[in-house]
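**Student:** What follows is a structure written as C-alpha cells; I'll ask about it next.
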Amino acid sequence: EAGVTQFPSHSVIEKGQTVTLRCDPISGHDNLYWYRRVMGKEIKFLLHFVKESKQDESGMPNNRFLAERTGGTYSTLKVQPAELEDSGVYFCASSYEDTQIRKETQYFGPGTRLLVL
Amino acid sequence: QKEVEQNSGPLSVPEGAIASLNCTYSDRGSQSFFWYRQYSGKSPELIMFIYSNGDKEDGRFTAQLNKASQYVSLLIRDSQPSDSATYLCAVIRNSGGSNYKLTFGKGTLLTVNP
Chain W
19 EAGVTQFPSH SVIEKGQTVT LRCDPISGHD NLYWYRRVMG KEIKFLLHFV
69 KESKQDESGM PNNRFLAERT GGTYSTLKVQ PAELEDSGVY FCASSYEDTQ
119 IRKETQYFGP GTRLLVL
Chain Z
8 QKEVEQNSGP LSVPEGAIAS LNCTYSDRGS QSFFWYRQYS GKSPELIMFI
58 YSNGDKEDGR FTAQLNKASQ YVSLLIRDSQ PSDSATYLCA VIRNSGGSNY
108 KLTFGKGTLL TVNP
C-alpha cells in the first residue's frame, strides 16, 4: 500500500510569489489533514477535509491560504501571496473514516519544505 | 500555557538503557494520546496510542497515561542507536463530529549512544 505522498519535497520562492503544495492521501482514506511546522515551533493543525468537504479550517493562518480537495482525492494548498513567515514544513496526513481508532490513526506524508525569501 | 508540553532535550541514554519520555497536556477534555517518532527530515511515524489510564505495552515500547495528572509518558526499553529520533507527543480532544485533529508538543530529541 502506497503511503501519503506530497509534492514538491522542497520549494524556494520569493516573497509575493504563489506556491501550490499537493498531497495524495492513502487510497481509501476519506480524512485528509494539513499541518505545518515553523522553525522552533510545534506541528500545528491547519485544516481537515472529509472527502471533498472542509470539516474544520480553524487553523488556517489567514486568507492567503486556500485549500482544495477535488473529488475527495488529492488535495492542494495554495499560498498567495507568500510571506516570509509562511516558511516551514507543511505536512499532510490521512486516515480512514470508520472506526474511532482508524479515524484517529493518521499517516503522515514526508512534508514539503517551503522557504520564502 | 502550552497545550502539550514536552522537554525538548536532548535526552541522551546509553545503548541498552531505558529511555523515559514525558509529556503533559492542559486540556482535560483530551481523550486520545499518541506518540510519534520522527527521524530528521522524515515524516512523523505513529508508534503508540493510548486511551485509558494505565500502561500499554508494545514490544520495547510502553505508553503510560494518567488523566488525573494530565500526564503521558513513553518508555523505551533496551534502547538502540536506531531509536535516536525526535519523539512527538500528540493529543486529540475529540469534541464531536469527525474532526480528529492532533495537537502536538514540540518533541523530545532522543540520542542513544552505542
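Protein chains in written order, with the numbering used here: chain W, 19 to 135; chain Z, 8 to 121.
Backbone N, C-alpha and C define an ideal beta-carbon position, used for all residues, glycine too.
All values derive from a computational prediction rather than experimental measurement.
Under 9 Å Cβ-Cβ, which residues of chain Z neighbour W/Gln98?
**Tutor:** Going along chain Z, no residue has its Cβ under 9 Å from W/Gln98, so there is no contact; the nearest lies around 24 Å.
**Student:** Would you call the segment 58-71 of chain Z in contact with the segment 100-120 of chain Z, where contact means no fewer than 3 C-beta pairs closer than 8 Å?
**Tutor:** Too few Cβ pairs lie closer than 8 Å, so no.
**Student:** Provide the residue span of the alpha helix (DSSP H) that contains W/Lys121, from first to last.
**Tutor:** Residues Gln118 to Glu122.
**Student:** Kindly indicate which three-state DSSP category Z/Asp34 falls into: helix, strand or coil?
**Tutor:** It is coil, neither helix nor strand.
**Student:** Run through chain Z and tell me which residues come within less than 7 Å of W/Lys69, C-beta to C-beta.
**Tutor:** Per Cβ cutoff of 7 Å: no residues; W/Lys69 is ~11 Å from chain Z at best.
**Student:** Return the chain-ordered list of same chain residues with a C-beta closer than 6 Å to the C-beta of W/Leu7, the five sequence neighbours on each side being excluded.
**Tutor:** Residue numbering for chain W in the displayed model covers 19 to 135; residue 7 of chain W lies beyond these limits and cannot be assessed.
**Student:** With 16 other CB atoms within 10 Å as the buried threshold, where does Z/Asp49 fall?
**Tutor:** According to the sequence as given, residue 49 of chain Z is Lys; it is not Asp. Exposed, since its Cβ has fewer than 16 Cβ neighbours within 10 Å.
**Student:** May I have the straight-line CA-CA distance separating Z/Thr118 from Z/Ser91, to the nearest angstrom?
**Tutor:** Using only the alpha carbons, I get a separation of about 5 Å.
**Student:** To the nearest angstrom, how far is it from the Cα of W/Trp52 to the Cα of Z/Val79?
**Tutor:** Roughly 25 Å between the two C-alpha positions.
**Student:** Using three-state DSSP, classify Z/Leu109 as helix, strand or coil.
**Tutor:** Residue state, collapsed to three classes: coil.
**Student:** Determine the closest residue to Z/Ile83 out of Z/Leu109, Z/Leu53, Z/Gly23 and Z/Glu12, with distance taken between C-alpha atoms.
**Tutor:** Ranking Z/Leu109, Z/Leu53, Z/Gly23 and Z/Glu12 by Cα distance to Z/Ile83 puts Z/Gly23 first.
**Student:** Taking 9 Å as the CB-CB cut-off, is Z/Phe56 touching chain W?
**Tutor:** Closer than 9 Å: yes.
**Student:** What residues match up with Z/Asp65 in a beta bridge as DSSP calls it?
**Tutor:** In the DSSP output, where bridge partners are listed per residue, Z/Asp65 has Z/Phe68.
**Student:** Among the residues of its own chain, which have a CB less than 6 Å from the CB of Z/Val20, if the five just before and after it don't count?
**Tutor:** Ala26, Ser86 and Val119.
**Student:** Please report how far the alpha carbon of Z/Pro121 lies from the alpha carbon of Z/Pro88, in whole angstroms.
**Tutor:** Spanning the two alpha carbons is a distance of roughly 6 Å.
**Student:** Would you check if the distance between the CB atom of W/Glu60 and the CB atom of Z/Gly114 is smaller than 9 Å?
**Tutor:** Yes, Cβ-Cβ distance for W/Glu60 and Z/Gly114 is below 9 Å.
**Student:** Looking only at DSSP bridge pairs, what is Z/Pro21 linked to?
**Tutor:** Its beta-bridge partners are Z/Asn120.
**Student:** On the premise that W/Asp48 lies in contact with W/Val22, defined as a C-beta separation below 8 Å, what is that separation, rounded to the nearest angstrom?
**Tutor:** At roughly 14 Å, the Cβ-Cβ gap does not stay under 8 Å, so W/Val22 and W/Asp48 are not in contact.
**Student:** Give me the Cβ distance between Z/Ser33 and Z/Gln8, rounded to the nearest whole Å; I'm assuming they're in contact under 8 Å.
**Tutor:** Indeed they touch by this definition, with Cβ atoms about 5 Å apart.
**Student:** Less than 9 Å between the beta carbons of W/Tyr125 and Z/Leu53, yes or no?
**Tutor:** Cβ atoms of W/Tyr125 and Z/Leu53: closer than 9 Å.
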